[in-house]
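These notes are about the structure you will find just below.
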Amino acid sequence: MDKFLSLDQLDSAFKKKLITEFLAYGRITTTGGLLTIKQIASRKRYSFVPSVLSGLLELSNYLAIIKAAKIQPIREFFVKTGSHWMSGVVEIDKAGQAKLLLLDSLSKIEIIKFYSKVFKDIFPEGKIYYTDETRQYDSSSCAVFALSDVRYLHVVNRYIGDQDLFSYLEAHKIVVPSKEIKDPSQQSETTFYRLPLGFNRIMQSISLTDKVLLQRDPKELALPINQKLQTAPYCARQDFKMINGKLQNKRAHYLLKKFFLRNFNYLNTHTDTEIQKDLQSFTLEAFKTRIQQVSFSKNIHILINSTSSTLSSNLSNSSSSTQKFYSSC
0 MDKFLSLDQL DSAFKKKLIT EFLAYGRITT TGGLLTIKQI ASRKRYSFVP SVLSGLLELS
60 NYLAIIKAAK IQPIREFFVK TGSHWMSGVV EIDKAGQAKL LLLDSLSKIE IIKFYSKVFK
120 DIFPEGKIYY TDETRQYDSS SCAVFALSDV RYLHVVNRYI GDQDLFSYLE AHKIVVPSKE
180 IKDPSQQSET TFYRLPLGFN RIMQSISLTD KVLLQRDPKE LALPINQKLQ TAPYCARQDF
240 KMINGKLQNK RAHYLLKKFF LRNFNYLNTH TDTEIQKDLQ SFTLEAFKTR IQQVSFSKNI
300 HILINSTSST LSSNLSNSSS STQKFYSSC
């Protein structure tokens with residue numbers, strides 16, 4: 000905890016209990032995730048409304064809502080909480096192609112395949128993107144990864160040149176034969192995708208500098224990955240610290256501390272009632288309401304355009320008939 004802050008500064012047991020989730024890894028609950036998303040949204044100038052989904056059932060319902068809305072194109076972001084946190088983005092392009100980028104910091108193929116099936120159950124023709132690069136090497140920081148990832152998903156297009164996220168992924172796919180895949184249940188080749196380097200900054204392994212960065216195109220290494228215009232190699236040099244004779248990436252620790260400080264400030268400047276109301280803005284129910292409103296507005300727009308076209312056509316036909324009438328008189 001920051002030496003200038005004290006839990007006694009918070010005026011309710013609700014706030015004190017909530018902020019303690021950010022004192023160490025492994026404590027963040029769904030409510031803590033909602034708090035962090037709200038706090039980030041309150042500071043950003045761009046639209047930031049990812050949905051915080053509590054477990055498998057809510058993720059499945061979330062995907063079903065997107066499909067039922069029939070909005071094209073659409074791009075929505077989410078954080079999946081529970082025993083293991085993940086984040087991702089769902090996109091349906093103008094052609095109706097559904098895509099899912101699933102960000103699992105552990106990159107465990109069995110986890111990815113399980114959630115891929117959930118996606119395929121809703122979008123049988125959809126395409127799933129994931130990486131085999133493990134970024135998390137402890138057992139308790141997945142919430143920090145997921146919250147960091149969903150924020151970066153909103154801005155990543157700024158840092159990958161003249162392409163969008165899914166175009167980048169397609170240009171960085173790796174096809175791995177089954178014999179080279181560690182999971183023996185895989186009987187055919189699997190396609191993985193390299194993530195933009197901004198996602199790898201938090202990687203808890205020296206392999207970030209010894210392997211990952213060395214495998215990337217020098218032109219990409221020269222691109223900035225954040226608003227400070229810092230490159231991935233520069234950030235790696237700043238984030239890795241020598242601790243007990245071993246180089247460790249402290250980025251996740253820094254992010255947890257930042258979440259604590261900014262969440263503390265948000266809690267300290269809002270009432271319990273305001274907070275509880277604000278947090279509901281990022282739930283599955285809020286997402287459902289928002290999508291229904293967008294879908295309704297889109298249908299009204301289509302109806303108005305259709306009606307306008309019909310009226311224009313009728314007026315044109317009427318004008319033509321009138322001209323013919325007077326011509327015959």
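Going left to right, the sequence shown walks through residues 0 to 328 as numbering that gives the first Met the number 0 numbers them.
Using N, Cα and C, we set each Cβ at its ideal position, and we do this for glycine too.
Residue range of the beta strand (DSSP E) that residue i falls in?
i      : result
Gly125 : Gly125 -> no beta strand (DSSP E), and no H or E assigned at all.
Gln384 : The requested residue 384 is not part of the displayed model; the chain covers only 0 to 328.
Leu228 : Counting along the chain, Leu228 falls outside any beta strand (DSSP E), and DSSP gives it neither H nor E.
Ser53  : 50-53
Leu99  : 97-102
Phe239 : 239-242
Which same chain residues, not among the five before or five after residue i, have their C-beta less than 8 Å away from its C-beta?
i      : result
Glu284 : none
Lys227 : none
Leu106 : In the sequence on display, residue 106 carries Ser and not Leu. Only Tyr129, Thr130, Asp131, Glu132, Thr133, Arg134 meet the Cβ criterion.
Ser327 : Low local confidence applies: a pLDDT of 45 at Ser327 is under 50, so the model's placement there is unreliable, and no value is given.
Phe324 : With a pLDDT of 36 at Phe324, under the threshold of 50, the modelled position of this residue cannot be trusted; read the value that follows with caution. Excluding residues within five positions, none has a Cβ falling inside 8 Å.
Phe47  : Ile36, Ile39, Ala40, Arg150, His153
Val117 : Leu55, Leu58, Ser59, Leu62
Gln96  : Glu124, Gly125, Lys126
Would you mind giving the Cβ-Cβ distance between residue i and residue j, rounded to the nearest angstrom? I have them listed as a contact below 8 Å.
i      : j      : result
Leu196 : Arg215 : 7 Å
Glu109 : Leu194 : Actually they are not in contact, since the Cβ atoms of Glu109 and Leu194 sit about 20 Å apart, beyond 8 Å.
Tyr192 : Lys172 : 5 Å
Ile18  : Lys66  : At roughly 38 Å, the Cβ-Cβ gap does not stay under 8 Å, so Ile18 and Lys66 are not in contact.
Leu33  : Leu278 : 4 Å
Thr80  : Leu52  : 7 Å
Ser115 : Cys141 : With 8 Å as the limit, Ser115 and Cys141 do not qualify as a contact, their Cβ atoms being about 18 Å apart.
Leu212 : Val143 : Rounded, the Cβ-Cβ distance is 22 Å, inconsistent with contact.
Under 6 Å Cβ to Cβ from residue i, same chain only, skipping five residues before and after it: list those, please.
i      : result
Leu314 : Legend: pLDDT at Leu314 = 46, less than 50; position of this residue unreliable, no value from coordinates given.
Thr272 : none
Leu302 : Legend: pLDDT at Leu302 = 47, less than 50; position of this residue unreliable, value from coordinates given subsequently. So no residue of the chain qualifies.
Lys98  : Glu90, Lys126, Phe165
So if DSSP puts residue i in a beta bridge, which residue, or which two residues, is it bridged to?
i      : result
Thr189 : Val175
Arg74  : Glu90
Ile36  : Ile36 is not bridged to any residue.
Leu283 : In the DSSP output, where bridge partners are listed per residue, Leu283 has none listed.
Met85  : Lys79
Among the options, which has the Cα closest to the Cα of residue i?
i      : options                        : result
Tyr24  : Leu9, Thr288, Lys256           : Lys256
Leu62  : Ala145, Leu212, Phe286         : Phe286
Ile274 : Asp7, Lys14, Leu6, Leu4        : Lys14
Leu22  : His252, Thr268, Pro223, Val175 : His252
Ser354 : Glu20, Asp277, Tyr167, Gln279  : The shown model of the chain, from 0 to 328, leaves out residue 354, and the question about it has no answer.
Asp7   : Leu266, Asn199, Met202, Glu169 : Leu266
Asp92  : Gly125, Ala142, Gln71          : Gln71
Ala12  : Thr270, Phe281, Ser280         : Thr270
Leu83  : Leu146, Ile64, Leu207          : The identity of residue 83 in the sequence shown is His, whereas the question assumes Leu. Per the Cα distances, Leu146.
Val367 : Ser46, Thr190, Gln162          : There is simply no residue 367 to check, as the chain begins at 0 and stops at 328 in what is shown.
Tyr45  : Val154, Lys69, Phe258          : Val154
Here's a check: name, in chain order, each residue in its chain whose Cβ is nearer than 7 Å to the Cβ of residue i, leaving out the five neighbours to either side.
i      : result
Arg261 : Gln38
Phe263 : Leu4, Ile18
Gly224 : The sequence given here places Ile at residue 224; Gly does not occur at that position. If we look at Ile224 and ignore the five residues flanking it on each side, its Cβ neighbours are Tyr158, Leu196, Gly197, Arg200, Thr230, Ala231, Cys234.
Where do the ends of the alpha helix (DSSP H) carrying residue i lie?
i      : result
Lys347 : Coverage of the chain is limited to positions 0 through 328, which leaves residue 347 absent and any answer about it impossible.
Ile224 : Premise fails: Ile224 is in no alpha helix (DSSP H) and is neither H nor E.
Leu196 : 196-199
At a threshold of 7 Å, does residue i count as lining the ligand ADP (C-beta to nearest heavy atom)?
i      : result
Tyr253 : Judged by which ligands are present, the structure shown has none, so any question about the ligand ADP falls away.
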